[in-house]
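First residue of the sequence shown? That's 9 in my numbering, and the numbers climb one at a time after it.
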Amino acid sequence: MLTAKARFAVIAIALVLLGWTIYGKVYELSAIVGFGIIFLIYGYFKEGTVVLAAKAYHNQDLKKTEKLLREVRNPDRLKRSRRGYFEFMLGNIELKRGNFSKAERHFQIASRFPLKNENEKGLVLTQLANLNLRKKEFKKAQAYIEIARDLKISPRVKDIIEKIEQKIHQGSE
Numbered sequence: 009m010l011t012a013k014a015r016f017a018v019i020a021i022a023l024v025l026l027g028w029t030i031y032g033k034v035y036e037l038s039a040i041v042g043f044g045i046i047f048l049i050y051g052y053f054k055e056g057t058v059v060l061a062a063k064a065y066h067n068q069d070l071k072k073t074e075k076l077l078r079e080v081r082n083p084d085r086l087k088r089s090r091r092g093y094f095e096f097m098l099g100n101i102e103l104k105r106g107n108f109s110k111a112e113r114h115f116q117i118a119s120r121f122p123l124k125n126e127n128e129k130g131l132v133l134t135q136l137a138n139l140n141l142r143k144k145e146f147k148k149a150q151a152y153i154e155i156a157r158d159l160k161i162s163p164r165v166k167d168i169i170e171k172i173e174q175k176i177h178q179g180s181e
């Protein structure tokens with residue numbers, strides 16, 4: 009849970025410590041510091057700043073969320089468990105901006121990755137259904153709703169699904 013700058017600062021300090029332990033011939037400690045550096049580098053590529061961005065997102069700080077997500081240079085390298093949240097948060101940011109095509113792309117990617125639970129997957133699918141409803145693509149919207157209905161979802165998400173289905177029936181008539 010470090011930003012890229014903080015991670016690089018810790019690596020720089022660890023490299024100095026590694027040099028000092030090698031110079032002092034304390035090889036056991038050198039190995040531990042070396043593994044720590046490897047772990048920090050691994051975390052940079054596989055974890056990124058997604059956890060910090062999620063905390064900012066839950067605090068409704070979208071500017072900070074976006075800034076932290078933009079620190080991830082290559083989202084394809086993220087762990088599968090992080091990539092879904094990465095795309096979900098970017099999709100919501102784009103949705104709030106009114107960039108519906110970008111939001112849809114992010115939600116489609118998020119739907120392919122694991123999320124914490126089925127309710128969150130249902131939220132992604134209802135967002136996709138809602139975006140397709142805006143485009144008057146009722147068959148696609150209905151397909152997303154049918155998939156979401158099969159998941160374990162909260163009553164709140166069920167209410168959203170029912171509202172979307174009503175709009176689909178009104179629009180397709």
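Every residue, glycine too, gets a C-beta built ideally from N, C-alpha and C.
Exercise for review: Please confirm whether L103 and G130 have their CB atoms less than 8 Å apart.
Suggested key: One-based indexing of the sequence shown puts residue 103 at position 95. One-based indexing of the sequence shown puts residue 130 at position 122. In this structure, G130 does not lie closer than 8 Å to L103 by Cβ.
Check your understanding: Exposed or buried, which one is H177 when buried takes at least 16 other CB atoms within 10 Å?
Key -> Against the sequence shown, residue 177 aligns to sequence position 169. Under this definition H177 is an exposed residue.
Review point. Would DSSP call R78 helix, strand or coil?
Key: To locate residue 78, count along the sequence shown from 1; it is residue 70. Note: R78 maps to helix in three-state DSSP.
**Study point:** Any 3 or more C-beta pairs closer than 8 Å across the region 83-96 and the region 53-72
**Key:** yes
Exercise for review: Hey, could you find the ends of the alpha helix (DSSP H) T134 is sitting in?
Suggested key: Indexing the sequence shown from 1 puts residue 134 at position 126. Per DSSP, T134 is one residue of the alpha helix (DSSP H) stretching across E126 to R142.
Check your understanding: Among L76, D69 and E173, which has the Cα closest to the Cα of K148?
Key -> On the sequence shown, residue 148 is found 140 positions in, with the first residue counted as 1. Measuring from the Cα of K148, the nearest candidate turns out to be E173.
Review point. Assuming A22 and V41 make a contact with CB atoms under 8 Å, what is their CB distance in whole Å?
Key: For the purposes of this step, residue 22 is identified with residue 14 of the sequence shown, where counting begins at 1. For the purposes of this step, residue 41 is identified with residue 33 of the sequence shown, where counting begins at 1. Indeed they touch by this definition, with Cβ atoms about 6 Å apart.
Practice item. Grab me the residues of L123's own chain with a C-beta within less than 6 Å of its C-beta, minus the 5 sequence neighbours each way, in chain order. Key: Taking the first residue of the sequence shown as position 1, residue 123 is located at position 115. Same-chain partners within the cutoff: G92 and K129.
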